[in-house]
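Enquirer: Before I ask anything, let me first share the structure, which is written out below as structure tokens.
In our numbering, the protein residues as written are 1 to 170.
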């Protein structure tokens, strides 16, 4: 009889332990859900802002290329290639960020709807200064962003003299 009461008492202690453990796990689950919801809201907010920023940057870069073309700072071939890049800037950056694609994969996907080929763009890039070609070769979203900034500054003539190639004054 004493053994039976001992077993029952032990089972009651196990029951109390598991009830308390279940309550603690439920509290942790509630906190985790709340934290997850907050994180999701922050991610969605950051994503919306990233889309807005890339769209605004795309418009700015496209306007710079168009201005350079109108000012005859770049020829038709350069304009076609660079304009296609700048028009698809947001799409390329977002594809890199969302899907983890490399810049080249994103660019190939974006150029499916364009008249310009990847080879034509590469030919135009080969004619650019070495500092611009260096950022092009990174094959990442941040490299593409730096390339777009550098190329628009180069074709607009707004680079500082230390970044430009030396002039033949001597």
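Glycine residues also receive a C-beta, built at the ideal position from the N, C-alpha and C atoms. Note that this is a predicted model, so its numbers are computed, not measured.
(1) With C-beta atoms as the reference, is residue 33 less than 8 Å away from residue 62?
(2) Short check: CB of residue 139 to CB of residue 90, under 8 Å?
(3) Does residue 67 come out as helix, strand or coil in the three-state DSSP assignment?
(4) Quick one: Cα of residue 119 to Cα of residue 80, how far?
(5) Is DSSP giving residue 74 helix, strand or coil here?
(6) Look at the Cβ atom of residue 235, then the Cβ atom of residue 137, and state whether they are nearer than 8 Å.
(7) Are residue 131 and residue 153 touching if we call contact CB-CB under 8 Å?
(8) Starting from residue 107 and walking both ways along the alpha helix (DSSP H), at which residues does that stretch end?
(9) What would DSSP say about residue 132, mapped onto helix, strand or coil?
(10) Would residue 109 and residue 95 qualify as a contact pair, given that the criterion is a beta-carbon distance under 8 Å?
Expert: Walking through what the data contain:
(1) Position 33 of the chain shown holds residue 33. Position 62 of the chain shown holds residue 62. No.
(2) For the purposes of this step, residue 139 is identified with residue 139 of the chain shown, where counting begins at 1. For the purposes of this step, residue 90 is identified with residue 90 of the chain shown, where counting begins at 1. No, the pair does not count as a contact, with Cβ atoms beyond the cut-off.
(3) Looking up residue 67 in the chain shown gives position 67. Correct three-state label for residue 67: helix.
(4) Sequence index remark: in the chain shown, residue 119 carries index 119 (1-based). Sequence index remark: in the chain shown, residue 80 carries index 80 (1-based). Distance between residue 119 and residue 80, taken at the CA atoms: about 13 Å.
(5) For the purposes of this step, residue 74 is taken as residue 74 along the chain shown, with counting starting at 1. Coil at residue 74, not helix or strand.
(6) There is simply no residue 235 to check, as the chain begins at 1 and stops at 170 in what is shown.
(7) Against the chain shown, residue 131 aligns to sequence position 131. Against the chain shown, residue 153 aligns to sequence position 153. No, Cβ-Cβ distance for residue 131 and residue 153 is not below 8 Å.
(8) Position 107 of the chain shown, counting from 1, holds the residue named residue 107. Residue 107 -> alpha helix (DSSP H) spans 103-110.
(9) Numbered from 1 along the chain shown, position 132 holds the residue referred to as residue 132. In this structure, residue 132 counts as helix in the three-state DSSP scheme.
(10) Reading the chain shown from its first residue, position 109 is the one you call residue 109. Reading the chain shown from its first residue, position 95 is the one you call residue 95. Yes, they are a contact pair.
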